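Structure first, then comments.
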Amino acid sequence: MPHPNNKPIIVLIPGAFHLPHHYHDVTHPLSLLGHPILSTPLTCCGPTPSSVPLDATPTTDADAIHALLLPLLDAGRSAILVAHSYGSRVATACIQGQTTAERAARGLPGGIIGAVWIAGFAFPARGKNILGGDGEMPVGGDGVVKDGLISLTEGAKGVFYSDVAAEVAEEAFRGLCKFKSHASETAVPGFVEREIAVPKMYILCEEDKAVLPDFQERMVEVGGFDRVVRLRSGHSPFLSVPGEVVEAIVGFCGEVAGV
Numbered sequence: 001m002p003h004p005n006n007k008p009i010i011v012l013i014p015g016a017f018h019l020p021h022h023y024h025d026v027t028h029p030l031s032l033l034g035h036p037i038l039s040t041p042l043t044c045c046g047p048t049p050s051s052v053p054l055d056a057t058p059t060t061d062a063d064a065i066h067a068l069l070l071p072l073l074d075a076g077r078s079a080i081l082v083a084h085s086y087g088s089r090v091a092t093a094c095i096q097g098q099t100t101a102e103r104a105a106r107g108l109p110g111g112i113i114g115a116v117w118i119a120g121f122a123f124p125a126r127g128k129n130i131l132g133g134d135g136e137m138p139v140g141g142d143g144v145v146k147d148g149l150i151s152l153t154e155g156a157k158g159v160f161y162s163d164v165a166a167e168v169a170e171e172a173f174r175g176l177c178k179f180k181s182h183a184s185e186t187a188v189p190g191f192v193e194r195e196i197a198v199p200k201m202y203i204l205c206e207e208d209k210a211v212l213p214d215f216q217e218r219m220v221e222v223g224g225f226d227r228v229v230r231l232r233s234g235h236s237p238f239l240s241v242p243g244e245v246v247e248a249i250v251g252f253c254g255e256v257a258g259v
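According to full-length UniProt numbering, the residues represented by the sequence shown are 1 to 259, in order.
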């Protein structure tokens, strides 16, 4: 039976190095509107080298979310995934087999009813890299790879937070995880975005310096997104224009859940 609270759970999946607290200006207003919020730190990121499993991949991160989400779906809840940047890779792994239709076919209640990417990724084919090839893609210029881990240089602050006040950027950067598994960057997917069989919306950040807008346009096409919202924002609209992000998510919830 459907759960008596008809507001879908918002599952907020952070981007690389980020933590749930970075998204407070989006998740808090959504919670005030009655949406339960589920968010957990990424398994592939951590504050120290020893805190990060070297073999952590998007699938590992998805497993950690499933441990929290699946009991709620089993109780009849519906959920919408909202994923930022790298978090979209985790969301794709999370959604496979867990839509309402897929679960109903197995006699299970609840399920995922929609997905929102914020400057996220879309892979062209299973088992291939982001460009559709077989080679390992290089890590971006603001990441340093050593001993199976990626760490950020100071230059990442200006890339992630290019359009927020200096003190906001400094606080956000100081609160990041310091390390990320290289395996999470190089893993290829076993399921891709175009195969996602629920409504999916892409929030395209038109002034992004981390995932360039032209590349995001390509991701929209590759992933077969049926809704696109364009924001005049850098890579972190949850800090620069959180009200617009909330508005987009609320509108999407209204379309797919009728609430």
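Quick reminder that beta carbons are idealized off the backbone N, C-alpha and C, glycines included. Here the structure is a predicted model, which is why all the values come from computation and not from measurement.
Nearest neighbour of residue i, chosen from the options [CA to CA]
i, options, result
"glutamate 154", "Gly143, Gly148, Asp147", "Gly143"
"threonine 30", "Thr48, Cys45, Pro49, Pro8", "Per the sequence presented here, residue 30 reads as leucine, with threonine not at that position. Of Thr48, Cys45, Pro49, Pro8, the residue nearest in Cα terms is Pro8."
"alanine 248", "Cys177, Val188, Ile118", "Ile118"
"proline 124", "Arg218, Ala165, Leu12", "Arg218"
"phenylalanine 238", "Ser85, Gln98, Glu195, Pro213", "Ser85"
"valine 211", "Glu195, Val198, Gly175, Ala156", "Ala156"
"proline 189", "Leu38, Ala67, Gly133", "Gly133"
"valine 241", "Cys253, Glu207, Pro213", "Glu207"
"alanine 101", "Arg89, Ser78, Phe121, Ala83", "Ser78"
"phenylalanine 252", "Ala75, Glu136, Leu81, Thr60", "Leu81"
"isoleucine 196", "Phe225, Leu176, Leu54", "Phe225"
Residue j beta carbon less than 9 Å from that of residue i
i, j, result
"glycine 223", "tyrosine 202", "yes"
"threonine 40", "serine 184", "no"
"isoleucine 150", "serine 181", "yes"
"arginine 230", "glutamate 255", "no"
"tyrosine 161", "phenylalanine 179", "no"
"isoleucine 112", "leucine 68", "no"
"glycine 120", "alanine 93", "no"
"valine 192", "alanine 91", "no"
"alanine 166", "threonine 59", "no"
"valine 245", "valine 11", "no"
With 16 other Cβ atoms within 10 Å as the buried cut-off, status of residue i
i, result
"valine 116", "buried"
"alanine 104", "exposed"
"threonine 48", "exposed"
"lysine 146", "exposed"
"glycine 87", "buried"
Reduced DSSP category for residue i - H, G, I as helix; E, B as strand; rest coil
i, result
"threonine 99", "strand"
"isoleucine 249", "helix"
"arginine 194", "helix"
"histidine 21", "helix"
"cysteine 94", "helix"
Three or more C-beta pairs closer than 8 Å, one from the stretch 8 to 27 and one from the stretch 39 to 49: is that the case here? yes
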